[in-house]
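Going by this note's numbering, the sequence shown opens with residue 181, and the numbers climb by one from there. The structure under discussion appears below in the form of structure tokens.
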Amino acid sequence: VSLAAQAATLPVILLDFGRLSIVSPVVNLVVAPFVAPAMAAGAVALVAGLGVGAGLPGAIATVLGLPAWLLLGVVIGVVRFGAGLPFASISLEPPANLVGAALAAVAVWAIARRSSRPGVDHVADMGAAEGSVLRARQASARPGRTAGSIAARRATAALLAGAIVALGLAAIHHPDGATRLTVLDVGQGDAILLEGGHGGRLLVDGGPDPGRLLVALDERLPPWDRRLDAVVLTHPHEDHVAGLALLLARYRVGRVFEPGMIGPGPGYAAWNAELGGATAGGQTGSSTASGTRSRWALGTGDRLAVDDVDLRVLWPDPGKVPLRPADGGTAINNVSIVLLGQVAGHRFLLAGDIEQGIDPELLDRGLPQVEILKVAHHGSRTASTQAFLDALRPRVAIVSVGAGNPYGHPASATIDRLRGVAEHVYRTDLDGSVTVTFDGPTVRVHESGVRAKAAVPARTAVAAVAPTGTGARATSGPAAQFVCGIPGAPVTVPVPTRPTATASATVADLTLAAPPAALPPLPHPPAPPGRGSGLLYHRLDDGTLPGGGGPPVALPRSTGLASAAFARRRGGRGLARPTDRAREPVAPDRSRPHRGGRAPPRRRQGADPGPAP
């Protein structure tokens, strides 16, 4: 049945998508046995969810939904494994896709005509009859086993299997002591999940698409623990806030931090309403079902702690964030919350969307070298100046950007600057979600997607370098442990500090080292502009858009911004500890095509058209 369904749809797939999967016949045969039980378990989970909506305890839906979650997880895992195999699929460019679709249609017609010949149904009926006779003989040979005893044994076996599976799932999702920083692939926007070694969780921004954010989180967090100890909104642009309103309804969020500026878009309006912001008439918005959440403004000098991760706020300065922005673009970007994190001697910087005007301010205050940099403003031309990057000298730079975005992000000039200082540059549009794991002295980097196979560098010759002073020789091979670190004492960042309170507040595993100022209910943002008024808040980097033409007149819908990337095998890349501050030159790699084997369209270079209206 699986092969017949694939054969019947193959002409349409080739004609519409121009992609021929080589592994799908085998992968679908492996997946097919899980489809029916997954649908049945999904129906049970649906009924349980409706029951919770009618007032039943949420634990019931969690328990009854676990079988569906497990079965669908197996299906997704098998599909991703198959998609990550070498030569899993090939692309057929026009007119090859037309020829392939025509040949597939002729083959389907021939197979259907042959299978309709007389005698086929008769053979099938004979097989079914023989099977029923065999089952009857087996039943008569065991007269002592009644239907009730068989059902009881099956139920007992099912309960034991369920208990074993539940124990295994709990062990898999139990905190292992490692800290993980994941830049989620949510399209043209930012969403960063920080997981502490003891279970603490902090989400920084939510991207432009609530559905895509929830899918990304559900892949990493167990369904029985829908908890986020805190959410930080770096600034109120739609590509950072639009995914958060639905998150507040689906997850238990302890605290909310933001700079204190009102955003102009509908995503921020929904976020503000969920948090109980004041409406235009001065009324307070209704609280959510999960209760009232505390709302705080972060500024320079504030500190947070997520388990063993220490976070310091480097920007914006308190008292300098206006309630309403002067414009819809740079004025909002430049109030982004910038977080410097440190865990087990490793440092990382989350730069938000700050642009080049803020870099000198941070440089004057002193910046330490970091190992991981979440690149500012999606790698735009107006951010991440050379002096800024020279001070940070990141080992790994991660650009959160959406495929085919209308702004030309990331700019080629910025990518060149990053490759000049960083050993590895990742992009979520090409590499998928990027996870950095801090496990003591070891740092590992994994991406959920893999670029075109021809562009993946060989990893068989990588080596692990022992820390300085050990005298050990480097070892090579895929099983080697990779150590990443910047030798020397931690660098103190001389930044202005806010008056610290005497008491500290704790929510689960997230601690406020210095409680920041509490935000009153913010007024409702103004109504978003109408159709055609242009809610574009990023300037264009490289002139005209790929394929010609100018920018759209309004912000594209989230589904357009969140074009799905192909899920590929999970790769890992280790980072070697340098023996001194000097770095070996890294040759920039400009030959990597777009994932799927198709090179991205060239952008015509031109003068900057200036900020969009």
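Built from N, CA and C at the ideal position, the CB exists for glycine as well. These numbers were taken from a predicted model, which means no experiment stands behind them.
Nearest to residue 367 by C-alpha distance, out of 291, 548, 254 and 589, is 589. Of all C-beta pairs linking the segment 181-196 to the segment 253-261, fewer than three are shorter than 8 Å, placing the two stretches out of contact. Taking all protein chains shown into account, residue 721 has 16 or more neighbouring C-beta atoms within 10 Å of its C-beta and is therefore buried. Secondary-structure assignment with DSSP links residue 360 through a beta bridge to 375 and 617. Listed in chain order, the non-local C-beta contacts of residue 228 below 7 Å within the same chain comprise 240, 241, 244 and 245, local neighbours out to five positions each way being set aside.
Taking a contact as a CB-CB distance under 8 Å, the pair residue 608 and residue 614 counts as one, their CB atoms being some 7 Å apart. Here DSSP, grouped into helix, strand and coil, assigns residue 536 to coil. DSSP lists 492 as the beta-bridge partner residues of residue 483.
Residue ranges of uninterrupted beta strand (DSSP E) with 3 or more members, entirely inside the segment 366-435 and ordered along the chain, are 372-375, 381-384 and 407-412. Non-local beta-carbon contacts of residue 491 in its own chain, meaning distances under 6 Å to residues more than five positions away in sequence, involve 484, 519 and 521 in chain order. Within a 10 Å sphere around the beta-carbon of residue 293 sit fewer than 16 other beta-carbons, which makes this residue exposed. A buried status is given to residue 489, since no fewer than 16 other beta-carbon atoms sit within 10 Å of its beta-carbon. Taking the Cα positions, residue 232 is about 6 Å away from residue 238. Residue environment for residue 568: buried (at least 16 other C-beta atoms within 10 angstroms of its C-beta). DSSP, read as helix, strand or coil, puts residue 543 in helix. Here residue 534 is buried: its Cβ has 16 or more other Cβ atoms, across all protein chains shown, within 10 Å. Bounds of the alpha helix (DSSP H) holding residue 204 are 204-233. Listed as beta-bridge partners of residue 199 by DSSP are 271.
Contact between residue 268 and residue 201 is confirmed by a C-beta separation of about 7 Å, below the 8 Å threshold. For residue 599, the enclosing alpha helix (DSSP H) stretches over residues 592-601.
In its chain, beyond the 5 residues on either side, 577 and 605 have a beta carbon closer than 6 Å to the beta carbon of residue 598. In the structure shown, residue 557 falls within a helical segment according to DSSP collapsed to helix, strand and coil. Under DSSP, residue 565 takes part in no beta bridge, so it has no partner. The segment 496-503 makes no contact with the segment 403-412: fewer than 3 CB pairs, one atom from each, lie closer than 8 Å. Between the C-alpha atoms of residue 554 and residue 357 there is a straight-line separation of about 23 Å.
When rounded, the separation of the alpha-carbon atoms in residue 543 and residue 415 is 21 Å.
For residue 454, the enclosing alpha helix (DSSP H) stretches over residues 446-454. The continuous alpha helix (DSSP H) containing residue 250 extends over residues 238-263.
Straight through space, the alpha carbons of residue 592 and residue 581 are spaced by roughly 13 Å. Note on geometry: alpha-carbon atoms of residue 328 and residue 291 lie some 45 Å from one another.
Cβ-Cβ separation between residue 248 and residue 222: approximately 5 Å, consistent with a contact (criterion under 8 Å).
The three-state reading of DSSP puts residue 522 in strand, counting E and B together.
Taking residue 486 as reference, the option from 479, 453, 524 and 510 with the minimal CA-CA separation is 524. Excluding its 5 nearest sequence neighbours in each direction, residue 537 has C-beta neighbours in its own chain below 8 Å: 510 and 514, listed in chain order.
If you draw a straight line from the Cα of residue 446 to the Cα of residue 584, it is about 23 Å long.
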